[in-house]
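First comes the structure, then the notes that go with it.
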Amino acid sequence: MMLPSRIAVAISLHRILEPGERVVVAVSGGPDSLALLSILREILPALPLHLTVAHFDHGWRAGSQDDRDFVASMAAT
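In this text, residue positions in the sequence shown follow our numbering: the first is 837, and each later residue adds one.
Here it is as structure tokens:
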């Protein structure tokens, strides 16, 4: 069983989320949060949720604008 399927089963089994719930996904642009967003989007057919992507650009490091733009493009698709 692939990871998204395992996560969908765990969410349903433990009633972590109910169909139709709104979920805010904090996405920094790093690999962990992008993987989380990708998996949640993949399981939407099995567990219909309303996903909202949240990202905050502190502007503290070079390249943060690139992360912001990338996360925005991921959220838009």
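All C-beta atoms, glycine included, are put in the ideal place defined by N, C-alpha and C.
For the candidate residues the options, whose alpha-carbon lies nearest to that of residue i?
i	options	result
V889	A898, L872, V863 and R858	V863
Q901	A871, G865 and S848	G865
H891	P840, S869 and L853	S869
M910	L883, P867 and R897	P867
L856	A882, G899, D893 and W896	Sequence inspection shows Gly at residue 856; the Leu mentioned does not correspond to that position. Ranking the options by Cα distance to G856, first place goes to A882.
V859	H850, L873 and L849	L873
H886	V861, R897, I847 and A871	V861
Tell me which same chain residues have a C-beta within less than 7 Å of the C-beta of residue i, skipping the five on either side of it?
i	result
A844	I879, A882 and L883
Just to confirm the assignment, what range does the beta strand (DSSP E) spanning residue i have?
i	result
A890	H886 to A890
Can you list, in chain order, the residues of its chain whose CB lies under 8 Å from that of residue i, leaving out five sequence neighbours each side?
i	result
R904	G865, H891 and D893
Could you check where the alpha helix (DSSP H) with residue i kicks off and where it finishes?
i	result
M910	S900 to A912
Problem - Start-end ranges of the beta strand (DSSP E) lying completely within the segment 845 to 877, minimum 3 residues - result: 858 to 862
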